[in-house]
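Accompanying notes for the structure given below.
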Amino acid sequence: MSIQNIKGMRDHLPRAMLLRQYIVSTIQQISERYGFEPLQSPVVEYAELLEGKLGDDEKLIYRFADQGGRQLALRYDQTVPLARVVAQYAGQLALPWRRYAYGPSYRGERPARGRYREFYQFDADIVGSASPLADAEIVALLSDSLAALGFPDFVTLLNHRQLIGGIARVSGLDEAAAGSVYRAIDKFDKIGADGVREELLRSGVVPTAAAAILTLVQTEGEAGAVLNELAGHLASDERACAAIANLRAIIAALENLGISPARYTVAPRLARGLSYYTGLVFEAITPHWPEGSLLGGGRYDELIGQFAGRPIPTVGLAFGIDRLHDVMEQLNLGPRSNGTAVAFVTIFGPEQSAASMALAQALRKAGINTLLSLEPQISLGKQLKEADRRGARYALLLGPDELARGEVVLKDLRSGEQHSLERAQLIEVIRASA
Ligand code: AMP
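Okay, structure coming up:
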């Protein structure tokens with residue numbers, strides 16, 4: 049048997065985990081600041097639940113039968129499970145409901161950097177509101193989160209499902225052909241404008257229509273300017289006009305929420321693969337990660353209704369924790385901590401070991417993360433090395449002289465400085481530097 053993890057599924061050793069936990073706790077804090085509440089649901093669902101919601105991606109679902117022959121699946125995302133929960137607990141959840149959820153999702157994709165088969169998502173959704181304020185709150189939440197994580201220059205690309213549809217219709221295509229336009233545009237970032245043109249021609253779109261579509265989806269610039277430009281071309285299409293009005297309302301709300309216009313734009317080429325989106329769609333990108341989006345989301349007003357039997361408009365997003373992790377590692381963002389301990393209590397010798405143990409407990413009671421040496425028989429030098437290796441900021445030394453004086457030597461492992469201090473002072477100094 050080979051000792052090997054499964055391809056596309058990763059182990060995260062402590063250093064990586066510390067960064068991941070920092071990412072998750074930062075996003076969680078901001079989600080709670082926006083009033084979102086936690087939800088957890090199982091990783092396994094009935095396969096039937098996930099079917100018919102994911103479009104082409106349905107083939108990526110991990111399926112299996114359990115001992116009783118039930119057809120089960122690992123969740124593909126946390127959105128379809130949310131829809132189930134809302135339908136199942138309808139009486140207990142007051143709408144609109146802001147919920148966040150964090151956990152693994154599974155997709156049988158071809159693994160690559162930033163693309164895994166097991167990956168973690170942090171979702172935030174507002175269930176039961178059609179208001180553009182809900183869309184804006186989600187975009188504001190993601191903007192605040194990426195800024196808090198230290199991303200220097202991310203941009204959220206905004207689009208609306210009915211914009212691509214409108215572009216296809218005003219270019220002379222019918223509703224059925226609009227689907228293939230949508231699928232071709234979805235590959236824009238992978239295959240470029242020429243690739244999309246070829247794909248459009250292959251699916252039967254005439255060259256003049258393909259050219260018109262390509263020009264319109266590549267409109268770029270400041271959000272309001274892009275919308276004005278599109279409004280001119282799409283004036284004859286009622287649904288596209290409604291989409292433009294909706295995007296304008298969302299952008300006005302973003303302005304009122306104080307989100308810098310440098311943080312978002314309208315990108316009509318953004319399609320987003322999942323078939324359940326109905327309105328706003330968005331992705332956050334950074335030039336430091338050309339491989340893909342940091343996160344994505346949108347409005348899906350019909351998905352929950354499929355389970356609940358009545359329309360429940362919803363907008364939300366999923367932060368891809370693995371992608372954020374990979375990019376932050378590459379950009380050297382986030383805390384550079386080697387461990388969890390702040391203090392390391394050494395043991396001078398067998399006679400001082402009881403006092404060292406008591407000191408470690410006193411520090412822990414004072415809320416200071418503290419490691420206790422486990423090897424009183426090894427030299428102090430080696431104990432100090434161990435303290436350094438574990439990432440502790442301070443080593444505490446308690447020899448016979450210090451014990452007699454009721455003091456402790458505090459050694460700053462960063463600067464190398466050391467002082468003999470009284471206990472009460474010691475805790476203050478450590479706390480002040482934390
Ligand atoms: P989606 O559920 O497809 O809308 O994806 C939302 C976010 O989850 C993406 O923007 C990625 O950050 C992340 N994500 C999706 N698929 C993967 C994957 N296979 N591996 C790692 N992260 C992923």
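Start counting the sequence shown at 49; every next residue gets the next number (my numbering).
Quick reminder that beta carbons are idealized off the backbone N, C-alpha and C, glycines included.
Check	Outcome
Would DSSP call Thr418 helix, strand or coil?	strand
Return the chain-ordered list of same chain residues with a C-beta closer than 6 Å to the C-beta of Ile352, the five sequence neighbours on each side being excluded.	Ala131, Val134, Ile360 and Thr362
Is the shortest distance between the beta-carbon of Ala300 and the beta-carbons of chain C less than 8 Å?	Considering every chain present, this structure includes no chain C. It has just one protein chain.
Have a look at Tyr325, Tyr150, Met49 and His373 and flag the residue whose alpha-carbon is nearest the alpha-carbon of Leu61.	His373
Nearest by alpha-carbon distance to Glu450: which of Gln425, Glu470 and Leu432 is it?	Glu470
With distances taken from CA atoms, which of Arg358, Trp337 and Gly364 is nearest Gly344?	Gly364
Could you tell me which residues DSSP puts in a beta bridge with Phe392?	Leu419 and Ala443
What is the rounded straight-line gap between the Cα of Thr145 and the Cα of Gly176?	Reading off the sequence shown, one finds Trp at residue 145, where the question assumed Thr. The alpha-carbon atoms of Trp145 and Gly176 are separated by roughly 7 Å.
Could you spell out the range, first to last residue, of the alpha helix (DSSP H) harbouring Gly387?	Here Gly387 belongs to no alpha helix (DSSP H), and DSSP marks it neither H nor E.
Consult DSSP for Asp173 and reduce its assignment to one of helix, strand or coil.	strand
Under the rule that 16 or more other beta-carbon atoms within 10 Å means buried, what is His32, buried or exposed?	As displayed, the chain neither begins before 49 nor continues past 482, which places residue 32 out of reach and without an answer.
How close, in whole Å, do the beta carbons of Gly429 and Asn386 come, if the pair is a contact with beta carbons under 8 Å?	Not a contact, Cβ separation roughly 19 Å.
Counting only the same chain and skipping the five closest in sequence on each side, list residues whose C-beta sits under 7 Å from that of Arg317.	Ile233, Phe236, Val265 and Gln266
Assuming Ser230 is part of the alpha helix (DSSP H), what are its boundary residues?	The sequence given here places Tyr at residue 230; Ser does not occur at that position. Here the alpha helix (DSSP H) through Tyr230 covers Glu223 to Asp234.
Is Gly454 near the ligand AMP, with its Cβ less than 7 Å from a heavy atom?	no
Any heavy atom of the ligand AMP closer than 7 Å to the CB of Tyr94?	no
Using the Cα positions of Gly346 and Gly117, report the straight-line distance between them to the nearest angstrom.	36 Å
Can you tell me which of Ala241, Gly162, Ile298 and Gln169 puts its alpha carbon nearest to the alpha carbon of Asp183?	Ile298
Since Thr204 contacts Tyr312 with CB under 8 Å, what's their CB separation in whole angstroms?	4 Å
What residue does the alpha helix (DSSP H) around Lys430 start on, and which one ends it?	Leu428 to Arg437
Please tell me whether, using a cut-off of 7 Å, the distance from the CB of Gly103 to the nearest non-hydrogen atom of the ligand AMP is below it.	no
Can you give, in chain order, each stretch of the alpha helix (DSSP H) that sits fully within the segment 274 to 340 and has at least 4 residues?	286 to 304
Below 8 Å, can you find three or more Cβ-Cβ pairs linking the segment 276 to 293 to the segment 64 to 74?	no
Considering only C-alpha positions, which residue in the set Glu268, Gly272 and Ala241 is nearest to Ala259?	Ala241
Roughly how many angstroms lie between the CA atoms of Arg245 and Gly214, to the nearest whole one?	18 Å
Among the residues of its own chain, which have a CB less than 8 Å from the CB of Ala178, if the five just before and after it don't count?	Asp349 and Pro361
Per DSSP, what kind of secondary structure is Ser463 in: helix, strand or coil?	coil
Using the Cα positions of Arg296 and Asp59, report the straight-line distance between them to the nearest angstrom.	44 Å
If I measure Cβ to Cβ from Ser284 and keep anything under 7 Å in the same chain, skipping five residues before and after, which residues do I get?	Val218
Sort Gly382, Ser50, Leu221 and Gly447 by Cα distance to Leu66 and report the nearest one.	Gly382
Which residues does DSSP pair with Asn380 in a beta bridge?	Bridge partners of Asn380: none, in fact.
Answer yes or no: do Leu190 and Arg147 have a C-beta to C-beta separation smaller than 8 Å?	no
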